[in-house]
Amino acid sequence: MDTKFDRIHKSFTAQGLMTTLGAQLSLVQNGEVHITLPFSTNLSQQHGYVHAGSITSVVDSACGYAALTVAPVGCEVVTAEFKINFMRPAIGDQFLAIGKVSNAGKLLSVCTGEVRAYKGQSEDYKVIAVMQATIVNIAA
67 MDTKFDRIHK SFTAQGLMTT LGAQLSLVQN GEVHITLPFS TNLSQQHGYV
117 HAGSITSVVD SACGYAALTV APVGCEVVTA EFKINFMRPA IGDQFLAIGK
167 VSNAGKLLSV CTGEVRAYKG QSEDYKVIAV MQATIVNIAA
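For what it's worth, the numbering used here labels the leading residue of the sequence shown as 67, then goes sequentially.
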């Protein structure tokens with residue numbers, strides 16, 4: 067029998083966008099998923115920061131997979147809605163998107179997301195974006 071991690075890892079590796087971005091699944095636990103994104107000039111916008119679309123994609127996926135960890139058996143998930151706030155430019159060597167379930171119901175889960183930017187080998191980070199997302203359970 068597959069574990070939650072196996073199920074989510076298999077789904078994550080099937081996403082062409084995550085592969086294109088160079089994103090990696092780094093933590094899966096009940097109600098929480100982390101996705102790392104290394105800096106790449108291929109993901110930058112005109113000022114050299116990582117593009118908002120890349121940041122949004124990884125934190126949306128982190129929220130969705132967090133919701134999947136608590137979804138009823140036989141369900142998949144899709145995003146119905148999200149709101150994202152960018153608090154500073156996406157400047158860093160590596161980014162960490164954290165998705166957490168705030169509330170899970172039979173049909174909907176409400177999740178929060180946070181994206182942290184890290185420079186060099188330092189464990190210090192700056193929060194560059196926050197998200198609130200509504201994730202819908204659908205029949206698999």
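Built from N, CA and C at the ideal position, the CB exists for glycine as well.
Keep in mind that this is a model prediction, so the values were computed, not measured.
Can you find the residues in the same chain that come closer than 7 Å, C-beta to C-beta, to residue i, ignoring five residues on each side of it along the sequence?
{"i": "Ser92", "result": "His100, Ile101, Thr102"}
Quickly, what does DSSP pair residue i with across the bridge? List them, please.
{"i": "Tyr191", "result": "Tyr184"}
{"i": "Lys76", "result": "DSSP lists no partner for Lys76."}
{"i": "Leu91", "result": "Ile101"}
Please name the residue in the options whose C-alpha comes closest to that of residue i.
{"i": "Ser59", "options": "Gly158, Val196, Leu83, Met153", "result": "Coverage of the chain is limited to positions 67 through 206, which leaves residue 59 absent and any answer about it impossible."}
{"i": "Ile74", "options": "Ala133, Glu180, Ser110, Thr107", "result": "Ala133"}
{"i": "Asn169", "options": "Ala137, Thr85, Ala80, Lys185", "result": "Ala137"}
{"i": "Thr107", "options": "Ala156, Gly97, Asp72", "result": "Ala156"}
{"i": "Phe152", "options": "Met197, Ala206, Thr86", "result": "Met197"}
Alpha helix (DSSP H) containing residue i: first to last residue?
{"i": "Phe105", "result": "Taken as a continuous stretch (DSSP letters only), Phe105 belongs to no alpha helix (DSSP H), as it is neither H nor E."}
{"i": "Val124", "result": "118 to 136"}
For residue i, which residues from the same chain have a beta carbon less than 8 Å from its beta carbon, with the 5 sequence-adjacent residues on both sides left out?
{"i": "Leu174", "result": "Ala146, Thr200, Ile201, Val202, Asn203"}
Return the first residue and the last residue of the beta strand (DSSP E) that residue i is part of.
{"i": "Ala163", "result": "160 to 170"}
Excluding five sequence neighbours on each side, which residues of the same chain lie with their C-beta closer than 6 Å to the C-beta of residue i?
{"i": "Val94", "result": "Phe71, Ile74"}
Assuming the contact rule is C-beta atoms closer than 8 Å, residue i and residue j should be a hit. Round their C-beta distance to whole Å, please.
{"i": "Ile164", "j": "Ala128", "result": "6 Å"}
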